[in-house]
Every structure is written in structure tokens, then in C-alpha cells.
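In what follows, a structure is listed as C-alpha cells, so that the remarks can point back to it.
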Amino acid sequence: MSLSRLIPSRCVVRCDLVKVCSSNVVAKLWGPCAREVTTSSTQLASIAQHNSKTDWNRAVSEAEKIVGYPTSFLSLRWILSDEIANVALHLRKLVGSNHPLLKTAKNLIYNGKNNMQAWGLIVLLVSKAAGHSAEIPDMEQDKAAGVLHSQRALAEVTEMIRTSHLVHKGLVNMNARRTADEPDDMMFGNKIALLSGDYLLANSCTELANLRNQELVELMSSAVRDLAEAEFLGERDEQNNPLPSRPLAKEDREEAS
514 MSLSRLIPSR CVVRCDLVKV CSSNVVAKLW GPCAREVTTS STQLASIAQH NSKTDWNRAV
574 SEAEKIVGYP TSFLSLRWIL SDEIANVALH LRKLVGSNHP LLKTAKNLIY NGKNNMQAWG
634 LIVLLVSKAA GHSAEIPDME QDKAAGVLHS QRALAEVTEM IRTSHLVHKG LVNMNARRTA
694 DEPDDMMFGN KIALLSGDYL LANSCTELAN LRNQELVELM SSAVRDLAEA EFLGERDEQN
754 NPLPSRPLAK EDREEAS
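Residues in the sequence shown are numbered from 514 upward in steps of one, following the numbering used here.
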């Protein structure tokens, strides 16, 4: 056990914020409003993690109020389709196999305010900030949210591309772990993950083509390409998870730039 876990730290609490500092800095910056507390480093880490999660949830909620639409429902139209319902029936066979697809599916249904919905939310926020031409017919506008119906469709496409990418990342490398006596649950899970990700990506491309914007199609296609290429860059383990690498030396960075 490290000494940092045993030695208490002097901290300051003010309005749900935790800062580590000396008493003279406390009096100078915050005056009588601040109060000193003594806590351990493990408690500090727990408080910081809780505050970070709370801040993220609050930020997503505030952003959803701005766009006037809960982005957690953006993908429901696709997730509740007949094809995905059939996939859900097959997922029941994977219970107990610890296949990564189960965790991804759980996050899709019980996602809360996680990173998965942030992509579509960012598209809606940028769309509302940029605005649109006054010449666009009212029929194509969502007056309540302040965005166009095509912009909301783009947010759905973006979110589904992100979801398909996460599903594809759940594939397990069977060459590194398969044995003769191992059950076929992992292989079956890989087939479901591959086909489900392809289905979502194919529907995303179809919806993207329906927007009839060639420049947008080119931009989104390059983004999908970059997502795929990023999975093969850098050092990775046998399951294709990225490994930390040493930073380049100064002279190598200068040559690269």
C-alpha cells in the first residue's frame, strides 16, 4: 500500500468542489466561506470520480434542453425495428458467455447519459448554433427545436454509425484463444456482432443518401474510413486493444512535423 493512501491530506470544500491547498491560500482566495476538512487520497479519488460523472450528466441534460429533444431517443426508431428484435432473441443465447456484445447491448438499452449519445447531440447543437436560411420552407423546419428535419436525420445517422462502430469493436479474436473444447458461444457472438454492425452501418448509409447532399456523403464516408483505420494504428494486444507506447523523441517529432 502506498504512503499516499495512509497519509491524510488537507483539503478545502466549497460549493461541492474539493481542492487540495494550504490554509493560507484558503483564507486568501475564499475567505470565511471555505472550511477545511481532512480526507484520504482514496476518498479524494472517489469524490472526483463522482463529481465528474455528475458534471457529465448535467452537461448532457442542459444540452438536451437547448436542442429541445432528448437524444437518448434518437436511435429508438432503429433499435426497435423487427431486425434488431430478432437479434435480441439471439442475444439471449449469449447470456453467461461474457461476450463483449452483451455489454454493448446493455449500454444501448440502459445508456443513461453516456458517451454513446453525445455524437448525435453534438450534431444538433452545432446545427442549432449555425442556424439555417430563412428561405427554407416551414415544412422542413422543427420550430420547437430550432433545427431542420434533415439535421435531426443527420444526428440519427451519426449516432447509428457510432453504434455500429462500437458493435464491431466487440468482436473477439478467436485465433488467440480458441481451443478444441471451447464452446461456440464466442464464435456465435462474433457472427451476431458482425451482422448487427453491418446492418446498422448499411441503414446509416441509406439514410445518409436520402439527404441528397453529396458533400455530406463524402464527409461522413471519410469519417467512417478514419474510424476503421484507427483500429489498426499503433501497438495492440491479441484482442486488438490499444497498448500504451513510448512518446516520440524530440528530433523524431520535428521530422514528423
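Using N, Cα and C, we set each Cβ at its ideal position, and we do this for glycine too.
- Excluding residues up to 5 positions away in sequence, 740 lie with their Cβ nearer than 7 Å to the Cβ of residue 678 in the same chain.
- Listed in chain order, the non-local C-beta contacts of residue 643 below 7 Å within the same chain number zero, local neighbours out to five positions each way being set aside.
- Look at the beta carbons and you see the stretch 666-673 touching the stretch 718-725: at least three pairs across the two are nearer than 8 Å.
- Taking residue 659 as reference, the option from 734, 729 and 580 with the minimal CA-CA separation is 580.
- Take residue 640, set aside five residues on each side of it, and the residues of its chain with a beta-carbon closer than 6 Å to its own are 660 and 664, in chain order.
- In this structure, the alpha-carbon of residue 697 lies about 18 Å from that of residue 601.
- Judged by their CB atoms, residue 614 and residue 705 are nearer to each other than the 9 Å cut-off.
- A check of alpha carbon separations from residue 610 across 703, 681, 680 and 666 identifies 703 as the nearest.
- In this chain, the alpha helix (DSSP H) harbouring residue 704 covers 698-723.
- Residue 719 counts as exposed, since fewer than 16 other C-beta atoms from the protein chains shown sit within 10 angstroms of its C-beta.
- Ranking 729, 649 and 631 by CA distance to the CA of residue 571 puts 631 first.
- The C-beta separation of residue 699 from residue 612 comes to about 6 Å, placing the pair in contact by the 8 Å criterion.
- Beta-bridge partners assigned by DSSP to residue 738: none are found.
- A distance below 8 Å between beta-carbons, with the five flanking residues on each side excluded, links residue 750 to the following residues of its chain, in chain order: 756.
- Under the three-state reduction of DSSP, residue 613 is assigned to helix.
- Boundaries of the alpha helix (DSSP H) harbouring residue 639: 631-643, taken from the DSSP string.
- Around the beta carbon of residue 735, fewer than 16 other beta carbons lie within 10 angstroms, which makes this residue exposed.
- Your pair residue 576 and residue 634 checks out as a contact, with CB atoms roughly 5 Å apart and the cut at 8 Å.
- The shortest CA-to-CA distance from residue 712 to any of 686, 596, 569 and 573 is the one to 596.
- The alpha-carbon of residue 683 is positioned some 29 Å away from that of residue 638.
- With respect to the 9 Å criterion, residue 709 and residue 680 are classified as neighbours on the basis of their beta carbons.
- Comparing alpha carbon positions, the residue from 608, 645, 666 and 616 closest to residue 716 is 666.
- In summary, residue 733 is buried, with 16 or more beta-carbon neighbours lying within 10 Å of its beta-carbon over all protein chains present.
- Residue pairing from DSSP places residue 755 in a beta bridge opposite 749.
- Put simply, the backbone Cα of residue 606 is about 9 Å away from that of residue 701.
- Between the C-alpha atoms of residue 616 and residue 707 there is a straight-line separation of about 15 Å.
- Taken through DSSP and simplified to helix, strand or coil, residue 646 comes out as coil.
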